[in-house]
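Here the structure comes first, spelled out in structure tokens, and everything after it is commentary.
Protein chains: 2
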Amino acid sequence: MAKVRVNAFSVSLDGYGAGPEQSLEQPLGVGGMSLHDWVRGTQSFHQMVGQEGGSTGLDNEFATRAMDNLGAWILGRNMFGPIRGEWPDEEWKGWWGPSPPYHTPVFVLTHHPRASIEMAGGTTFHFVTEGIQVALDRARAAAGSKDIRIGGGASTIRQYLQARVIDEMHLALVPKVLGRGEPLLTGLDLPALGYSVAEHRTTDDALHVNIRKTPSN
Amino acid sequence: MAKVRVNAFSVSLDGYGAGPEQSLEQPLGVGGMSLHDWVRGTQSFHQMVGQEGGSTGLDNEFATRAMDNLGAWILGRNMFGPIRGEWPDEEWKGWWGPSPPYHTPVFVLTHHPRASIEMAGGTTFHFVTEGIQVALDRARAAAGSKDIRIGGGASTIRQYLQARVIDEMHLALVPKVLGRGEPLLTGLDLPALGYSVAEHRTTDDALHVNIRKTPSN
Numbered sequence: 008m009a010k011v012r013v014n015a016f017s018v019s020l021d022g023y024g025a026g027p028e029q030s031l032e033q034p035l036g037v038g039g040m041s042l043h044d045w046v047r048g049t050q051s052f053h054q055m056v057g058q059e060g061g062s063t064g065l066d067n068e069f070a071t072r073a074m075d076n077l078g079a080w081i082l083g084r085n086m087f088g089p090i091r092g093e094w095p096d097e098e099w100k101g102w103w104g105p106s107p108p109y110h111t112p113v114f115v116l117t118h119h120p121r122a123s124i125e126m127a128g129g130t131t132f133h134f135v136t137e138g139i140q141v142a143l144d145r146a147r148a149a150a151g152s153k154d155i156r157i158g159g160g161a162s163t164i165r166q167y168l169q170a171r172v173i174d175e176m177h178l179a180l181v182p183k184v185l186g187r188g189e190p191l192l193t194g195l196d197l198p199a200l201g202y203s204v205a206e207h208r209t210t211d212d213a214l215h216v217n218i219r220k221t222p223s224n
Numbered sequence: 008m009a010k011v012r013v014n015a016f017s018v019s020l021d022g023y024g025a026g027p028e029q030s031l032e033q034p035l036g037v038g039g040m041s042l043h044d045w046v047r048g049t050q051s052f053h054q055m056v057g058q059e060g061g062s063t064g065l066d067n068e069f070a071t072r073a074m075d076n077l078g079a080w081i082l083g084r085n086m087f088g089p090i091r092g093e094w095p096d097e098e099w100k101g102w103w104g105p106s107p108p109y110h111t112p113v114f115v116l117t118h119h120p121r122a123s124i125e126m127a128g129g130t131t132f133h134f135v136t137e138g139i140q141v142a143l144d145r146a147r148a149a150a151g152s153k154d155i156r157i158g159g160g161a162s163t164i165r166q167y168l169q170a171r172v173i174d175e176m177h178l179a180l181v182p183k184v185l186g187r188g189e190p191l192l193t194g195l196d197l198p199a200l201g202y203s204v205a206e207h208r209t210t211d212d213a214l215h216v217n218i219r220k221t222p223s224n
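Same order as they appear, the protein sequences are chains A and B.
Numbered by my numbering, the letters in the first sequence go through residues 8 to 224 in order.
Numbered by my numbering, the letters in the second sequence go through residues 8 to 224 in order.
The structure is reproduced here in structure tokens:
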């Protein structure tokens, strides 16, 4: 059965999934890019951005698995871009250039309606103003038997965790401190929400943890 | 020069240094004991509790280093015991039995005065009611050229971090979620306080991080 997944989501020592003060120049906020050192070295990431080489160990396994069997993505609006409020025009089409790395329908949560955008390589951005449940319903319909990935950011993942609809969540704990930013788990009681650690693995640069929803009675 | 150190302090994925609802039966709160799996397997820990065997790898190195060159300890009152408010009598002498593992003077932060207690093996508990700075001054005087370890709990470490007097802090990030408990870093801006990650190492069960204070100008 199709799963709702979070994958390869990096979290700092102090609990942040991105730095503060996101901008056009710093899509992941101040210091946020450093959270992803472990993934940027992998073959999987190199291939995604059209480069040769990259590591083929366990970090790469997690990075590869993160892109496997996906039929739809859901992103928060800030993960799609730095614009807040009404869309000023149709110009902004995401951080990723003409051929984004999704290759599936991508449902972007926003309070401001906008027409869908078909990009090269199979990615289509749809803008959903009716909330997280509608976005998930549309993503399920689009994904068929494949999985749905909640790409982020932190606030979007928190909302779906609180709604208890995420089946699996792979986090990469990394040895960085940001001091400020977008908290992922702060104040969320994962065990009370039915989540527990299913397995963990360490690499040189990350503590990888798979968290799963306990089947409800 | 003598350093003020935190060592081998375990932190859950969701940022807790101990579980909620500390009690006589659960000194580390509900679920808190599980944070220390990585250390309980080590030779250093086995020796401390008078057992044979134990692992001799990197976890053991961190556990050994944690006990090295210490001249005094500082503990928060809840780390000393489950009693809150006035001391009802002189009966409670810590969680550790007649010969505690400190073997140095131990300064216990409390709002309620109490006479010092000399234990077997070189540990003496002193109760300090004049705040964290006085406790540190007394610990420095007692430690001489040796280091001072801030043993915990989380709230005590937070206070000393905010006072910027901790020189080195070794944290062990572990693959556990507690959901509730005593947060260590939540809301603390370590970089703004002058702290950064100096090095990290991973083992099967932990992401070990050494955090250091940047020398001030």
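We put the beta carbon where it would ideally sit given N, CA and C, even for glycine.
CB contact check: residue i to chain A, cutoff 7 Å
i: Pro198 (chain B); result: yes
i: Gly151 (chain B); result: no
i: Arg12 (chain B); result: no
Amino acids of chain A, ordered along the chain, whose beta-carbon sits closer than 7 Å to that of residue i
i: Leu207 (chain B); result: Going by the sequence as given, residue 207 (chain B) is His instead of Leu. Correct list: Pro182.
Beta-bridge partners of residue i, as assigned by DSSP
i: Lys220 (chain B); result: B:Tyr202
i: Asn131 (chain B); result: Note that residue 131 (chain B) is Thr in the sequence shown, not Asn. Answer is B:Pro112, B:Glu125, bridged to Thr131 (chain B).
i: Val13 (chain A); result: A:Met176
i: Trp80 (chain A); result: A:Val113, A:Arg156
i: Ser19 (chain B); result: B:Val181
i: Arg147 (chain B); result: Answer is none; Arg147 (chain B) lacks a bridge partner.
i: Arg208 (chain B); result: B:His215
i: Ser62 (chain B); result: B:Thr49
i: Ala25 (chain A); result: A:Glu189
Where residue i meets chain A, residues with beta-carbon distance less than 8 Å
i: Val216 (chain B); result: Leu20, Pro182
i: Arg72 (chain B); result: The premise fails here: Arg72 (chain B) is roughly 17 Å from chain A at the closest Cβ pair, so nothing lies under 8 Å.
i: Leu192 (chain B); result: Leu20, Asp21, Gly22, Val184
i: Asp211 (chain B); result: Thr209
Beta carbon proximity, residue i to chain B, threshold 7 Å
i: Gly48 (chain A); result: no
Residue i: contacting residues in chain A (beta-carbon distance under 9 Å)
i: Ser203 (chain B); result: Val184
Partner residues on chain B for residue i, Cβ-Cβ distance less than 9 Å
i: Arg187 (chain A); result: Asp196, Pro198, Ala199
request  = Could you tell me whether the stretch 211-223 of chain A touches the stretch 162-178 of chain B, where touching means 3 or more Cβ pairs closer than 8 Å?
outcome  = Short answer: they don't touch.
Cβ pair count under 8 Å reaching 3, the stretch 111-122 of chain A against the stretch 130-149 of chain A = Two segments are said to touch when three or more pairs of C-beta atoms, one from each, lie closer than 8 Å; by this definition the stretch 111-122 of chain A touches the stretch 130-149 of chain A.
task = With 9 Å as the limit, tell me which residues of the stretch 152-182 of chain B have their beta carbon closer than that to any beta carbon of chain A; keep them in chain order.
result = Leu178, Leu180, Val181, Pro182
task = Indicate whether the contact test is met: 3 or more Cβ pairs, each with one atom in the stretch 22-39 of chain B and one in the stretch 198-206 of chain B, closer than 8 Å.
result = no
Inter-stretch contact at 8 Å, needing at least 3 Cβ pairs: the stretch 11-29 of chain A / the stretch 174-191 of chain A = yes
message = Between the stretch 87-98 of chain B and the stretch 61-69 of chain B, can you find at least three pairs of beta-carbon atoms closer than 8 Å?
response = The stretch 61-69 of chain B is not in contact with the stretch 87-98 of chain B.
inquiry  = Is it the case that the stretch 43-61 of chain B contacts the stretch 187-196 of chain B, given that we only count it when at least three CB pairs across the two stretches are under 8 Å?
reply    = no
ask   = Are there three or more Cβ pairs, one per stretch, closer than 8 Å when the stretch 75-90 of chain A is compared with the stretch 151-160 of chain A?
value = yes
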